[in-house]
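Working notes for the structure below.
Numbering (full-length UniProt numbering), first residue to last: 1 to 153.
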């Protein structure tokens, strides 16, 4: 009897419509972030060494010594900081690093440039006091989409 009521009230169609709406919103946000990250970093190569950061954009190479780096701010979801494999939104793996240099220049490195940014930065042992995390979660002032380029808007 409950199954007859379940199908006669079109409850299934309403639930499917809600899931389709939720999925389309998540997909749209994820595709926008992917396009944003790709356009901004499509010709970028980043290499971390023991005492140097090599950064290449469109065949122009920049090399920064560790002493030139003022701070490194990692914008990431809490699940990435904890190295957790459990994520709640499809756009959580998108994160970026902002490197502030002593001369005022800013360098952005996105997760498309290096898929394992956290371990690459942590491998440089000299930077221990310069790394700061800016966690962005769903309950963190509503700013839960990590994009250096969308943040500027």
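Glycine included, C-beta positions come from ideal geometry on N, C-alpha and C.
Got a sec? Which residues, its chain only, sit under 6 Å from residue i by beta carbon, not counting five neighbours each side?
i, result
"residue 11", "none"
"residue 29", "91"
"residue 53", "64"
"residue 62", "55"
Mind checking whether residue i and residue j have CB atoms under 7 Å apart?
i, j, result
"residue 107", "residue 99", "yes"
"residue 102", "residue 68", "yes"
"residue 110", "residue 48", "no"
"residue 74", "residue 97", "yes"
"residue 72", "residue 51", "no"
What first and last residue would you give for the alpha helix (DSSP H) that runs through residue i?
i, result
"residue 26", "11 to 41"
Looking only at its own chain, which residues have a Cβ that is under 7 Å from the Cβ of residue i, when we skip the five neighbours before and after it?
i, result
"residue 145", "Only weak support exists for where residue 145 lies, its pLDDT of 49 falling under 50; the value from the coordinates is given anyway. Excluding sequence neighbours, residue 145 sits near 29, 33 and 91."
"residue 112", "37, 38 and 41"
What does residue i pair with, by DSSP beta-bridge criteria?
i, result
"residue 68", "Per DSSP, none; premise fails for residue 68."
"residue 48", "53"
"residue 63", "54"
"residue 87", "For residue 87, which the question treats as bridged, DSSP gives no partner whatsoever."
The beta strand (DSSP E) that contains residue i, what's its start and end?
i, result
"residue 52", "52 to 57"
"residue 97", "96 to 101"
"residue 107", "106 to 110"
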